[in-house]
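Shown next, in structure tokens, is the structure this report addresses.
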Amino acid sequence: MSEKTVVKELKDVTIRFSGDSGDGMQLSGTLFSTLSAILGNEIATFPDYPAEIRAPQGTLQGVSGFQVRIGSHDVYNAGDKTDVLVAMNPAALKVNAGNLKRNSIVIYDSDTFQKKDLEKAGLQTDDPFRELNLTSVQAIPVAITSLTKAALEDMGVDNKIMLRSKNMFALGIVCWLFNRPADVAEHLLKEKFAKKPLVFQANVKAFLAGYNYGSNTQLTASTYRIETVKHEKGFYIDVNGNLATAYGLIAAAEKAGLQLFLGSYPITPASDILHELAKRKDFGVKALQMEDEIAGICTAIGASFAGYLAATSTSGPGLALKSEALNLAVMLELPLVVIDVQRAGPSTGMPTKSEQTDLNIALYGRSGESPIAVIAALSPTDCFDAAFRACKLAVEHMTPVVLLTDGYIANGSSAWKIPTMDDYPEIVPHVVQKFFTGDPKTWKPYLRDEETLVRYWAIPGTPEYMHRIGGLEKDYFTGVISTDPDNHQRMVKIRQAKIDKIADYIPSQEVLGDENANTLIVGWGGTYGHLLEAVQKIREAGKKAAFTQFKFISPLPKNTEEVLRRYKKIIVAEENNGQFASYLQGKFGNLPLYRFNRITGQPFRIEELVEEFMKIIEK
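One rule links them: number in the numbering used here = place in the sequence shown (from 1) + 226.
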């Protein structure tokens, strides 16, 4: 190594921590991300959980990863290829080999690169870098396991704690490499392990040992600095999508003057919403963990009938189970927020992997004509706004609302400025005593506001507004059970018209990019960051392109067709087999659609997006 380490300035860098599922990669990545956010860097993270949580150690199926991209400018996604990889074993190296940039840095635990470890990873030779064609990377062997044990040997801790601390040694090296302050990292560790002083001491000692090892050995010829972004003044935290969703529900309840209720069954990757809200008794939140998905949504429907802001959280398989009860909420015309954190595949599929799987079930996955509102969050921080908006639509329009997020943005994080709630609109529940202007004696439970077609919310116990509702079809005027065919058609149409009317209360669809472009790139939900960067790169290459990302799915913004008809080519990019493209074509017909679909359980690769989009633009 050189006698003096040079500090180089970088605009952005992508770092990936990778090892076995028990190696603490998620913790290392989270701490590094939080530290970078504290220093004022833009960040985007991608926790990539293993396909098999309890796979045998050292195998490809059990590789856990945490990718973070930090920058001195706007960072919209966690990046494609990796600049720095920390590989705790050969399996981690093999799984991530295809994502390494040329001349990237690979710091690996040489203690785990023995013959038996290489064989577990399916490697055939004793030189994995040559075997994997990684001859252009800067491979840096560090005996992480043995150095961690040496650092902790005088603490009297057992071997288990020693081995669990090696991720902190690796984190220390990376913090040195990127000039992260050790004292701030130590403070974060103290907060993390406040109730486990021995574990804290072991972790911080291992961290400092790694930090000092990098410094004392001058492990690389250069260290790196990412300048602080000039942010608006305010209080910032590193927030993931699930946490932001939980906060959005709480904020909406406060704005609406209602008590928040969540009835849910824990399911990957949505469980953290339930976990967070269960802790929020300080905000009056009532959270019930139920024994199954159906019980979860049914308790929420009961809570809604009783006057709560009611929500339930799930993923795709859970949404399928909730469909009958969701139909009941449609028939009752009660406000309900259903959060679906999408994951990959049918059935149990790949529960730890991200995909845009559930648009069709959100739109159509119920018996009968059963329209609901559907919106999709765009990013981890947008989950707050999306959850807030979902609640507003639900209680003001008396309808179930499905909020679609996905594993990528739910587990991924970015720096988020705590909002000022004065900047958010009021939420006015459509309660009968406020909005019904007639004589209470003439009121019936399915009477509606003439302008919005929204029925009035009569909370049980409200004087003069006693009523019963249920799942059988009701008479339009009297609210009693009806089997009249004409009435049934009228009720079907009025429920659809009520949802269509919501378009009057949501923003118009905005378009970014070149005004005179012939090609429009279209996405929805959590692919926003990847598509936006792809469009930026296309424009930097001298090609014209426009871009729009849909957040409001049902109903679509009022100007949607007008926007789409402007362009000769429309590229709809989705992490499914074309659900949104089919939806748009069905709505408007004869659109010049091109489809880009990837169903890999992984986020889009920007490099691939640019290549494929350019081919279509140049046709």
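Virtual Cβ for every residue (Gly too), placed ideally from N, Cα, C.
Counting C-beta neighbours from all protein chains within 10 Å, is the total for residue i 16 or more, i.e. buried, or is it exposed?
i: Arg242; result: buried
i: Tyr334; result: buried
i: Phe806; result: buried
i: Met251; result: buried
i: Asp384; result: exposed
i: His693; result: exposed
i: Ala551; result: buried
i: His623; result: buried
i: Asp246; result: buried
i: Ile644; result: exposed
i: Leu698; result: exposed
i: Phe703; result: exposed
i: Tyr731; result: exposed
i: Gln715; result: exposed
i: Val232; result: exposed
i: Gln293; result: buried
i: Ala684; result: buried
i: Lys667; result: exposed
Using the C-alpha atoms, what's the distance from residue j back to residue i?
i: Ala420; j: Gln427; result: 10 Å
i: Met557; j: Ala477; result: 27 Å
i: Met227; j: Thr371; result: Residue placement at Met227 cannot be trusted, given a pLDDT of 38 that sits under 50; what the coordinates show is reported in the next sentence. Going from the Cα of Met227 to the Cα of Thr371 covers about 22 Å.
i: Ile264; j: Thr271; result: 15 Å
i: Leu782; j: Asp726; result: 8 Å
i: Glu766; j: Glu581; result: 29 Å
i: Tyr534; j: Ile565; result: 16 Å
i: Asn267; j: Thr256; result: 14 Å
i: Pro423; j: Gly436; result: 20 Å
i: Tyr224; j: Leu547; result: Not covered by the structure: residue 224. The range shown for the chain is 227 to 845.
i: Val737; j: Glu800; result: 18 Å
i: Ala472; j: Ser362; result: 44 Å
i: Ile523; j: Ala529; result: 10 Å
i: Val368; j: Asp337; result: 8 Å
i: Thr631; j: Lys700; result: 34 Å
So what does DSSP say about residue i, is it helix, strand or coil?
i: Ala263; result: helix
i: Met314; result: coil
i: Glu838; result: helix
i: Met227; result: Model confidence at Met227 stands at a pLDDT of 38, short of 50, so the residue's coordinates are unreliable; what they give is reported in the following sentence. Here Met227 sits in coil by DSSP.
i: Phe243; result: strand
i: Val706; result: coil
i: Tyr820; result: strand
i: Ile452; result: strand
i: Lys341; result: helix
i: Trp180; result: Look at the range of the chain in this structure, 227 to 845, and you will see that residue 180 is not part of it.
i: Val430; result: helix
i: Leu286; result: helix
i: Glu800; result: strand
i: Arg406; result: coil
i: Thr753; result: helix
i: Met576; result: strand
i: Gln659; result: helix
Alpha carbons only, please: which of the options is nearest the one belonging to residue i?
i: Lys777; options: Arg406, Asp300, Ala551, Ser605; result: Ser605
i: Arg824; options: Asp649, Asp740, Glu788, Thr753; result: Thr753
i: Ala620; options: Leu503, His299, Val657, Glu677; result: Val657
i: Ala729; options: Glu741, Ile764, Glu787, His693; result: Glu787
i: Gln828; options: Lys512, Thr578, Tyr462; result: Thr578
i: Gly348; options: Ala377, Thr285, Thr361; result: Thr285
i: Pro354; options: Phe339, Gln364, Ile366; result: Phe339
i: Leu378; options: Val368, Arg821, Arg390; result: Arg390
i: Ala365; options: Met314, Lys386, Val680; result: Met314
i: Gln287; options: Ala277, Gln293, Ile296; result: Ala277
i: Asn429; options: Leu746, Tyr650, Met381; result: Met381
i: Lys234; options: Glu453, Arg280, Leu344; result: Glu453
i: Ala479; options: Pro733, Pro655, Val232, Phe814; result: Pro655
i: Arg792; options: Ser780, Thr774, Tyr672, Gly804; result: Thr774
i: Pro686; options: Thr678, Ile695, Ala723; result: Ile695
i: Thr540; options: Ser780, Glu652, Ala588, Asn325; result: Ala588
At least 3 beta-carbon pairs within less than 8 Å: the segment 596-615 vs the segment 512-527
A contact is defined here as three or more CB-CB pairs under 8 Å, and the segment 596-615 fails this definition with respect to the segment 512-527.
So, does the segment 758-765 touch the segment 702-722, judging by three or more C-beta pairs under 8 Å?
Taking 8 Å as the limit for Cβ pairs, the verdict is that the segment 702-722 does not touch the segment 758-765.
Examine the Cβ distances between the segment 309-325 and the segment 239-255 and report whether three or more of them are shorter than 8 Å.
yes
Between the segment 626-644 and the segment 656-676, can you find at least three pairs of beta-carbon atoms closer than 8 Å?
no
Pairing CB atoms from the segment 570-580 with CB atoms from the segment 611-631, are three or more of them under 8 Å?
no
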